[in-house]
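Residue numbers (my numbering): 197 to 376.
All residues carry an ideal CB built from backbone N, CA and C; glycine is no exception.
Remember, predicted model here, so these are calculated numbers, not experimental data.
A short write-up of the structure that comes next.
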């Protein structure tokens with residue numbers, strides 16, 4: 197993928213969150229123990245589907261439960277693709293939900309190109325680092341209800357800057373002028 201202009205790339209991925217996400221480390225005054233609360237039951241997984249381009253995070257979608265082809269197609273059709281200009285390159289990993297012909301047809305109908313990352317190569321996907329930042333912010337929010345979790349996800353998505361994205365693109369091997 198080296199000859200593709202990084203400005204055309206949009207990396208799409210999904211990650212799981214839940215209402216028991218919390219920081220595992222804390223600080224306390226010397227000699228005192230840090231205390232925190234963690235729910236006994238974490239509740240259902242809330243899957244976040246999002247994209248990352250040099251401009252930052254794309255529109256995102258959350259669903260309760262996992263991702264299958266129907267969920268991924270819904271995200272593409274109603275959230276990601278309407279905001280993309282023709283000629284963009286949508287980059288996904290080789291998860292089974294991304295492979296059906298229906299997904300390729302949706303992307304190509306929007307005038308975009310679908311590219312798959314090699315198997316077992318999260319280091320080539322800058323959105324993995326974006327999700328690391330998002331999950332740290334979601335843990336810090338300590339959301340204990342679905343509404344609070346959705347609000348924490350929205351705030352975390354807003355916290356990703358174009359400078360963050362440029363740094364993650366460069367770190368993943370897609371050099372940008374902004375990060376130079």
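Residue range of the beta strand (DSSP E) that includes residue i
i	result
residue 309	309-312
residue 275	No beta strand (DSSP E) contains residue 275, which DSSP labels as neither H nor E.
residue 205	205-213
residue 366	Unbroken run through residue 366 is the alpha helix (DSSP H), 358-367; no beta strand (DSSP E).
residue 324	First-last for residue 324: 323-337, but that is the alpha helix (DSSP H), not the beta strand (DSSP E).
residue 287	285-288
Pair within 9 Å by beta-carbon distance, residue i and residue j
i	j	result
residue 246	residue 362	no
residue 309	residue 284	yes
residue 218	residue 234	yes
residue 239	residue 216	yes
residue 320	residue 313	yes
residue 334	residue 305	no
residue 258	residue 346	yes
residue 377	residue 360	Look at the range of the chain in this structure, 197 to 376, and you will see that residue 377 is not part of it.
residue 269	residue 299	yes
residue 251	residue 371	no
residue 342	residue 242	yes
residue 322	residue 294	no
Pairwise C-alpha distance: residue j and residue i
i	j	result
residue 205	residue 287	7 Å
residue 222	residue 209	30 Å
residue 207	residue 279	14 Å
residue 267	residue 228	47 Å
residue 331	residue 344	14 Å
residue 265	residue 275	15 Å
residue 355	residue 324	15 Å
residue 296	residue 273	14 Å
residue 211	residue 349	11 Å
residue 202	residue 224	43 Å
residue 307	residue 277	9 Å
residue 261	residue 253	22 Å
residue 311	residue 200	11 Å
Coarse secondary structure for residue i, derived from DSSP in three states
i	result
residue 239	coil
residue 376	Note that residue 376 scores a pLDDT of 42, beneath 50, so its modelled location is shaky; the value from the coordinates is reported in the next line. Coil.
residue 197	Reliability fails at residue 197, whose pLDDT of 45 lies under 50, so the model's placement of it is uncertain and no value is given.
residue 216	coil
residue 304	helix
residue 263	coil
residue 353	helix
residue 227	coil
residue 249	strand
residue 281	coil
residue 292	helix
residue 234	coil
residue 318	helix
Sheet register partners of residue i (DSSP bridge)
i	result
residue 258	244
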